[in-house]
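Below: one structure, written as structure tokens.
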DNA sequence: AAACTTAGTGTAATTATTACACAAACCCAA
DNA sequence: TTGGGTTTGTGTAATAATTACACTAAGTTT
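Residue numbers (the numbering used here), protein chains in the order written: chain A, 1 to 236; chain B, 237 to 472.
Okay, structure coming up:
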């Protein structure tokens, strides 16, 4: 491996969502300061400066892997944040000084997002990520830099997208019930739907295929199981 | 005025659309090389490096003004392009060498877009824009850098947006006919609609207010005039 | 066997979408 | 002044989508 040269002015940040059958969660890291074992109590989105010789998309994937261990995740660009003061809060600067060659350099960041099923991926934080944790979107505290704003933008991007693409095939188990799917839509859109209308509409869409199986071992009438038919749509 | 320091790694590009009552047009500049009066025959979107102390949005407005004279245009971010090779074509490099301190530096560009009525704005190209011209979107030639790709992305952004926001209040005259409005929608969406259905739908929307006036001096039945009611919606 | 819990279903009213054709209003030219 | 040219403006029927709404069925637990 040759060493890569770093672009001091451009970073990527990743907003990775998951679903715990109830609520949306987002992946955050706990920053550790330099070589010390001191954990910075402020959480942040996984992100870092790009290399000079990689695309933004590649950078997002690499940085996500380096910080959290998540590998081979499909990432989609959301928005770019470039306020000149976005990294200049004192606390953020203190932290940057411990890890960056030019902590004072202006950094524009390109946000990427993805949806994953956290059961299918293991986290193994490293680099300056002392820890990587799933936090309920509704419980997200004040984050470093402008990361709350980035999260908000990724969320509204997600809300828009769910009308276009049948999201969720990544967020749910392979076989799922329509109640689970409905809860997912409700979590993303922060709304509630009528069960009958939701079912009618979603089954009309041909992405969701009924299986001849039922839930087992639940203390009530078992629900039928469904799966996504990925062949019915294509990423652009 | 103090001199501004330039960020060598980040630029903005502006995709400005207008409408000639028939087709969509986009604003391009003809690049002039350095101090020479030689016109680079390749056209490009108006764009340039950002200053260290301005936001991306501010940079987009400033650059647009500097290159084309368009002032005070509402600009909206579209997408960010960061391919490591996006400015390395020989011809683009030749031109960059004539105007940039570090022509070889990697540049990530943030694209912005707007819709304007070209009748209401004057072009006065300056800086390295030898000329600024409106080109029909369907006639756009091969542009410098990755600007064809950027234009495509801005166009699809526009198509998406027209479903959400009642665009067009900027693109049409203050008073317009429903046929003009329909042609605008058809130009943007590259589609054709049934006149009766279009009218019914658009009039249902409450943004479009009938006036008690008719076209004058046309050699056929004069059409009724309408205006937009801007109070009926708000930019986010 | 009764209580508990969630699944699964139908209908009527309203609204939106699609497809389709002809008379009315104005100008112009003969 | 009349007829031709051109674009405007309008209605309806068929189909599809949306909304609102409540009870029985199928399991488990006690």
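Using N, Cα and C, we set each Cβ at its ideal position, and we do this for glycine too.
The C-beta of residue 77 (chain A) comes closer than 8 Å to at least one C-beta of chain B. The distance from the Cβ of residue 137 (chain A) to that of residue 211 (chain A) is about 30 Å, inconsistent with a contact at the 8 Å cut-off. Proximity of chain A to residue 291 (chain B) at the Cβ level (cut-off 9 Å) is accounted for by 82, 83 and 84, in chain order. Residue 284 (chain B) has its alpha-carbon roughly 18 Å from the corresponding atom of residue 359 (chain B). Within the stretch 420-435 of chain B, no residue places its CB atom closer than 8 Å to a CB of chain A. Contact annotation, residue 150 (chain A) with residue 13 (chain A): C-beta distance approximately 6 Å; criterion of less than 8 Å satisfied. Against residue 106 (chain A), the close residues of chain B are 243 and 288, in the order they occur along the chain (beta-carbon pairs closer than 7 Å). By the C-beta density criterion, residue 297 (chain B) is buried, having at least 16 other C-beta atoms within 10 angstroms. Partner residues in the beta bridge of residue 280 (chain B), as assigned by DSSP, are B:265. Residue 403 (chain B) is positioned such that its CB atom lies closer than 8 Å to that of residue 397 (chain B). Approximately 7 Å separates the beta-carbon atoms of residue 311 (chain B) and residue 349 (chain B); this is inside 8 Å, confirming the contact.
One alpha carbon belongs to residue 223 (chain A), the other to residue 202 (chain A), and they sit about 16 Å apart. For residue 346 (chain B), the closest Cβ of chain A is nearer than 8 Å.
About 19 Å separates the CB atoms of residue 45 (chain A) and residue 171 (chain A); that is not less than 8 Å, and the two are not in contact. Just measuring C-alpha positions, the residue of B:305, B:343, B:318 and B:317 sitting nearest residue 329 (chain B) is B:343. Secondary structure of residue 80 (chain A) (DSSP, three-state): strand. Using a Cβ-Cβ distance cut-off of 8 Å, the stretch 186-198 of chain A and the stretch 50-58 of chain A are not in contact, since fewer than three pairs of beta carbons, one from each stretch, lie closer than that value.
If you check the CB distance, residue 362 (chain B) and residue 266 (chain B) do not come in under 8 Å. Taking 8 Å as the cut-off, the Cβ atoms of residue 354 (chain B) and residue 405 (chain B) do not count as close. In terms of beta-carbon proximity, residue 10 (chain A) lines the interface with chain B, with at least one pair separated by less than 8 Å. Contact between residue 15 (chain A) and residue 111 (chain A) holds: their C-beta atoms lie close to 6 Å from each other, under 8 Å. For residue 185 (chain A), no beta strand (DSSP E) encloses it; the enclosing alpha helix (DSSP H) starts and ends at 178-189. Leaving aside the five residues that flank residue 318 (chain B) on each side, the residues in its chain whose CB is nearer than 7 Å to its CB run, in chain order, 344. Uninterrupted beta strand (DSSP E) stretches at least 3 residues long and entirely within the stretch 334-371 of chain B occur at 344-351, given in chain order. Residue 216 (chain A) counts as exposed, since fewer than 16 other C-beta atoms from the protein chains shown sit within 10 angstroms of its C-beta. In the DSSP assignment, residue 5 (chain A) falls outside any beta strand (DSSP E) and carries neither an H nor an E. Residue 32 (chain A) and residue 99 (chain A) have their C-alpha atoms some 9 Å from each other.
Here residue 137 (chain A) carries a helix assignment [DSSP, helix/strand/coil].
As summarised for the stretch 189-228 of chain A, the continuous beta strand (DSSP E) elements at least 3 residues long and confined to that stretch are 208-214 and 224-228, given in chain order.
Residue 287 (chain B) is bridged by DSSP to B:242.
Between residue 320 (chain B) and the set A:6, A:140 and A:181, the nearest pair of CA atoms involves A:6. The residues 44 and 45, in chain order, have a CB closer than 6 Å to that of residue 147 (chain A) in the same chain once the five nearest residues on each side in sequence are set aside.
A direct Cα-Cα distance of roughly 35 Å separates residue 180 (chain A) from residue 313 (chain B). Counting along the chain, the unbroken alpha helix (DSSP H) around residue 160 (chain A) starts and ends at 147-161.
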